[in-house]
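One structure below.
Protein chains: 4
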Amino acid sequence: MDKGSVYTHTVRVRYAECDKMGFVHHSNWALYFEEARTEQMRAKGITYKDMEDDGLIMPVKSMSIDFKRAGRYDDLLSIEIWIEGIPEIRCTFMYKTYNQNGELLNTASMVMFYARKSDLRPIKIPSIISEKYGF
Amino acid sequence: MDKGSVYTHTVRVRYAECDKMGFVHHSNWALYFEEARTEQMRAKGITYKDMEDDGLIMPVKSMSIDFKRAGRYDDLLSIEIWIEGIPEIRCTFMYKTYNQNGELLNTASMVMFYARKSDLRPIKIPSIISEKYGF
Amino acid sequence: MDKGSVYTHTVRVRYAECDKMGFVHHSNWALYFEEARTEQMRAKGITYKDMEDDGLIMPVKSMSIDFKRAGRYDDLLSIEIWIEGIPEIRCTFMYKTYNQNGELLNTASMVMFYARKSDLRPIKIPSIISEKYGF
Amino acid sequence: MDKGSVYTHTVRVRYAECDKMGFVHHSNWALYFEEARTEQMRAKGITYKDMEDDGLIMPVKSMSIDFKRAGRYDDLLSIEIWIEGIPEIRCTFMYKTYNQNGELLNTASMVMFYARKSDLRPIKIPSIISEKYGF
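Here is the structure:
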């Protein structure tokens, strides 16, 4: 697996994001990963907001998470994100999450596709994206 | 206070909605109240979905919650909802939440207004609403 | 795949669970699946709450969701849930979600394990569970 | 109103935190305010996590939010937080939220109390807190 260009996003676990066990509830990882993806784009010089305002959206096709250890309240997480392969219609984002002690908490993948907001039709990766990312 | 026509909505507390203390996190009450309001409308023969599809929205102007006791995981809550006074541009929803033991957990009020989705301009209560609710 | 005993849980999509695209945000499916699992257990005569109060928890080992169509606000979802194979230390829950028009929205799997709350050590499936489920 | 020592916390609005109207859903403000409170404490040299690990919790007694303008996706919010008056058993946190254009989005207050985790009994403000905050 070519990890390509890895971007690392840092996020602090909120109180409300933990459940009775004291763990980050598994539903919330999708929020962290989405935030990491947004910041990866911003670091490339594009914002998801502008892209959406221009009529493009990125629905999720599939997501998969493997949990090694639990995240906990107030953890300062480092989320590594990279794109696997060359995206065309679909784009596969890969994630690895570490806590402040360098322990691997989980790995994940999320397959998304580019689509027109107007009719939800999938389209090839927009040139603005491929240029900024250097595909 | 005229409790007018009280509608009671039942909702089961989800695991993810409770925090490390084992209590319903205070952010989640807004979700239950919104669900209660939706079902109150449905019982009147209107759906919020149809209203929104027709170009009307109901943003929140203010919300206030007083907590007496905590809600807990798997609680089967009874939420009483009623409209206070005669709504014109604003509509005040009142709430009382009880658990399965009949204990009062909280009281709340939420002031909302009717607005056009196109320009977010406040409007008087739509006739479809006032008719169905009998104002 | 032996679908074994399929339990169907119905859930109404909340307004707050939908994103700007008008779709159920992908993070929220984990909430619906968790609710379905809880109700499946209740139908068998056990509650997750009692199990947890007795010192047992069920952390998630992995989760995977494949999206076919988006869920939307006010959709009345039917979630089919069943257990694949014979659970021992791990238990694999399978899910299929349909909307009110019978359209398949997604399929999912979630691998969980039984553990003692006190030390988070995995344990074999508790006899109370295997008896109630008839494994 | 004595604004006392105002702490400003910055938070970026997540995609999942916005609803179909494109606004921050009103339930999510409690998450931002909680994060602001946590960071205000950290700036004082205490963490809520340590406090809780030491057996103290801070349940919410009441919350109230007045909305002036909607928050939107990708907004970079500045949340001002300060404590009103001298806390004893209860502590009143005040909030003002501005967006990146300096527009006031909302004001809020949240009354919390200090309690022992073991029996949920309210207690006077812990000396560690009053010392660090300089009450």
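Chains as they are written, first to last, in the working numbering: chain A, 333 to 467; chain B, 333 to 467; chain C, 333 to 467; chain D, 333 to 467. Don't be surprised by glycine CBs; every beta carbon is placed ideally from N, CA and C.
Residue i - DSSP class collapsed to helix/strand/coil
i, result
"Asn360 (chain D)", "helix"
"Arg346 (chain B)", "coil"
"Ser450 (chain D)", "coil"
"Ala368 (chain A)", "helix"
"Ser462 (chain C)", "helix"
"Glu384 (chain A)", "helix"
"Arg404 (chain C)", "strand"
"Val338 (chain A)", "coil"
"Met373 (chain B)", "helix"
"Asp398 (chain B)", "strand"
"Lys456 (chain C)", "coil"
"Thr379 (chain D)", "coil"
"Asn431 (chain C)", "coil"
"Phe467 (chain B)", "coil"
"Met290 (chain C)", "Past the edges of chain C, shown from 333 to 467, lies residue 290 (chain C), and the structure says nothing about it."
"Ile411 (chain C)", "strand"
"Met442 (chain D)", "strand"
"Glu416 (chain B)", "strand"
"Ile389 (chain C)", "strand"
"Met333 (chain C)", "With a pLDDT of 42 at Met333 (chain C), under the threshold of 50, the modelled position of this residue cannot be trusted, and the question is left open."
Residue of the options minimising C-alpha distance to residue i
i, options, result
"Asp529 (chain C)", "B:Glu366, B:Met390, B:Tyr380, B:Asp406", "Only positions 333 to 467 of chain C appear in the structure, and residue 529 (chain C) is not among them; the question remains open."
"Glu367 (chain B)", "B:Glu435, B:Ile413, B:Gly354, B:Asp351", "B:Ile413"
"Thr379 (chain B)", "C:Arg346, C:Val338, C:Asn438", "C:Arg346"
"Tyr364 (chain A)", "A:Arg453, A:Gly387, A:Asn438, A:Glu384", "A:Asn438"
"Lys464 (chain A)", "A:Arg369, A:Ala375, A:Asp351", "A:Ala375"
"Gly403 (chain C)", "C:Tyr339, C:His341, C:His358", "C:His358"
"Ser462 (chain B)", "B:Arg422, B:Pro391, B:Ile397, B:Ala362", "B:Arg422"
"His341 (chain C)", "C:Ile397, C:Lys428, C:Ser396, C:Arg401", "C:Lys428"
"Lys400 (chain A)", "C:Arg401, C:Phe399, C:Ile397, C:Leu452", "C:Leu452"
"Val392 (chain C)", "C:Ile457, C:Pro458, C:Val443", "C:Val443"
"Asn360 (chain A)", "A:Asp385, A:Ile397, A:Thr370", "A:Ile397"
"Phe445 (chain C)", "C:Ile457, C:Glu384, C:Glu435", "C:Ile457"
"Arg369 (chain D)", "D:Asn431, D:Thr424, D:Tyr430", "D:Thr424"
Status (buried if at least 16 other CB within 10 Å, exposed otherwise) for residue i
i, result
"Gln372 (chain A)", "buried"
"Ala348 (chain D)", "buried"
"Gly466 (chain A)", "exposed"
"Asp351 (chain C)", "buried"
"Asn433 (chain B)", "exposed"
CB contact flag (residue i, residue j, <9 Å)
i, j, result
"Met426 (chain C)", "Ile389 (chain A)", "no"
"Ala447 (chain B)", "Ile460 (chain B)", "no"
"Leu408 (chain D)", "Val343 (chain D)", "yes"
"Ser441 (chain A)", "Ser394 (chain A)", "yes"
"Ser337 (chain B)", "Ile415 (chain B)", "yes"
"Gly377 (chain D)", "Lys449 (chain D)", "no"
Amino acids of chain F, ordered along the chain, whose beta-carbon sits closer than 7 Å to that of residue i
i, result
"Lys381 (chain C)", "The structure shown contains no chain F; the protein chains it does contain are A, B, C and D."
Query raised in the report: Of the residues that make up the stretch 390–406 of chain B, which ones have a beta carbon closer than 9 Å to any beta carbon in chain C?
Result: Arg404, Tyr405, Asp406
**Report entry** Interface residues of the stretch 341–374 of chain D facing chain C [CB-CB below 7 Å]
**Finding:** Tyr347, Ala348, Cys350, Asp351, Lys352, Gly354, His357, Ser359
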